[in-house]
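Below you'll find the structure, written out as structure tokens, and then a few comments.
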Amino acid sequence: MATNPLFTAKDEKRVLGNISVFPDLLANSAFLYALVYSMVLSWNSWECSIESLYLKGSAIERLHENLRKSDVTSQALSACTMLMLGHAACRSGEYTEYAAHSEGLYRLVKACNSSGAPLPDDILRAVFWHDVACTGIIDGAPRFSKADFPALFDQNLPLTHKPDIDAAE
Numbered sequence: 016m017a018t019n020p021l022f023t024a025k026d027e028k029r030v031l032g033n034i035s036v037f038p039d040l041l042a043n044s045a046f047l048y049a050l051v052y053s054m055v056l057s058w059n060s061w062e063c064s065i066e067s068l069y070l071k072g073s074a075i076e077r078l079h080e081n082l083r084k085s086d087v088t089s090q091a092l093s094a095c096t097m098l099m100l101g102h103a104a105c106r107s108g109e110y111t112e113y114a115a116h117s118e119g120l121y122r123l124v125k126a127c128n129s130s131g132a133p134l135p136d137d138i139l140r141a142v143f144w145h146d147v148a149c150t151g152i153i154d155g156a157p158r159f160s161k162a163d164f165p166a167l168f169d170q171n172l173p174l175t176h177k178p179d180i181d182a183a184e
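All the letters of the sequence shown, read from the start, carry residue numbers 16 to 184 under my numbering.
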């Protein structure tokens, strides 16, 4: 169990102010429960406790409530919550649980894309790299592919290095 507080008053501006990726992130109870759950698991060397199970259950309950909402902000916050829960599951060795969160993310991304209101690029990038990293940890097949993120891979980004084609001949 985490016996010391994870945040103190002196950490408020330094730590909490830097966590928010977009407005509402820390105001969302599902994400906040998932964040604290992940921190408690980390504190306990990725071993479950009664405290962490309560936090995870609360995060999942709030996540179910958020998934009933159809606005883009709620969907993005739900994706962030699933990312946090999925990371904690992967890190703690709960691979079946990770697979469930990964499937939820997959369905959310598909639903948002088919509704014409895709998730923001920052969230999609996080989903993509989370999938790559976690499948590397669990030695499994990625759940997502390049085709699931057309907006991320179809951009013409400036090259930092242009190969000298004439020199290669």
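Beta carbons: idealized from backbone N, C-alpha and C, even for Gly. Since the model is a prediction, treat every value here as computed from it, not as a measurement.
Three-way DSSP call (helix, strand, coil) for residue i in this model
i: residue 86; result: coil
i: residue 30; result: Here the model assigns residue 30 a pLDDT of 45, short of 50, so the residue's position is not dependable and the matter cannot be decided.
i: residue 144; result: helix
i: residue 59; result: coil
i: residue 158; result: coil
i: residue 198; result: Residue coverage of the chain in this structure runs from 16 to 184, which leaves residue 198 outside it and unanswerable.
i: residue 91; result: helix
i: residue 43; result: coil
i: residue 67; result: helix
i: residue 74; result: helix
i: residue 134; result: coil
i: residue 20; result: Confidence at residue 20 is low in this model, with a pLDDT of 46, below 50, so the placement of that residue should be treated as unreliable; the coordinate-derived value is given next. Coil at residue 20, not helix or strand.
For residue j and residue i, the rounded distance between their alpha carbons
i: residue 157; j: residue 55; result: 27 angstroms
i: residue 105; j: residue 131; result: 31 angstroms
i: residue 76; j: residue 82; result: 10 angstroms
i: residue 137; j: residue 86; result: 17 angstroms
i: residue 57; j: residue 118; result: 24 angstroms
i: residue 163; j: residue 135; result: 14 angstroms
i: residue 67; j: residue 41; result: 19 angstroms
i: residue 84; j: residue 160; result: 27 angstroms
i: residue 151; j: residue 114; result: 13 angstroms
i: residue 59; j: residue 155; result: 26 angstroms
Boundaries (first-last residue) of the alpha helix (DSSP H) holding residue i
i: residue 115; result: 110-129
Beta-carbon spacing of residue i, residue j below 8 angstroms
i: residue 100; j: residue 116; result: yes
i: residue 142; j: residue 94; result: yes
i: residue 46; j: residue 92; result: yes
i: residue 110; j: residue 74; result: no
i: residue 107; j: residue 61; result: yes
i: residue 97; j: residue 123; result: yes
i: residue 79; j: residue 145; result: no
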